[in-house]
Amino acid sequence: MMRIKQIVAGIVLLAVFIKEVIVANLQLAYAVLFVRNSHLTPGFLNYNLRGCSNLEMLILSHMITLTPGTTSVYLCTEKQELTIHAFNAKDPESVRSSIQKTLHYPLKRVLLS
Numbered sequence: 061m062m063r064i065k066q067i068v069a070g071i072v073l074l075a076v077f078i079k080e081v082i083v084a085n086l087q088l089a090y091a092v093l094f095v096r097n098s099h100l101t102p103g104f105l106n107y108n109l110r111g112c113s114n115l116e117m118l119i120l121s122h123m124i125t126l127t128p129g130t131t132s133v134y135l136c137t138e139k140q141e142l143t144i145h146a147f148n149a150k151d152p153e154s155v156r157s158s159i160q161k162t163l164h165y166p167l168k169r170v171l172l173s
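Each residue of the sequence shown is one higher than the one before, counting from 61 in the working numbering.
Spelled out as structure tokens, the structure:
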């Protein structure tokens with residue numbers, strides 16, 4: 061039964077990740093083509109990874125890097141913190157919340173199922 065939950069969680073994670081990549085591509089293309097540079101706020105932010113395994117940190121950092129508009133810059137396993145560069149970091153808390161909801165939580169469900 062646990063194996064089935066893990067497989068279903070993996071399929072959900074894959075679907076959510078593909079959707080996020082497509083949406084991020086469209087948002088980035090729109091920003092590059094139509095938004096003035098003065099309206100963009102690129103920046104760095106830290107994402108808390110306390111309580112995560114090394115495997116979870118590694119997979120999440122790669123998923124963030126593969127999503128257009130965000131790049132994992134530095135993974136500190138001692139502090140359990142990931143430094144991310146976001147193409148538009150006007151609201152860092154919104155970026156963190158989006159990562160938590162769309163990538164991190166589904167990944168936890170796969171690894172902990």
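Glycine included, each C-beta is placed from N, C-alpha and C at the ideal position.
- For A146, the enclosing beta strand (DSSP E) begins and ends at 141-146.
- Ranking H122, I159, N108, I124 by CA distance to the CA of C136 puts N108 first.
- Assigned with DSSP and collapsed to three states, S121 falls in helix.
- Counting every other CB atom within 10 Å of its CB across the protein chains shown gives S154 a total below 16, marking it as exposed.
- Here P102 is exposed: its Cβ has fewer than 16 other Cβ atoms, across all protein chains shown, within 10 Å.
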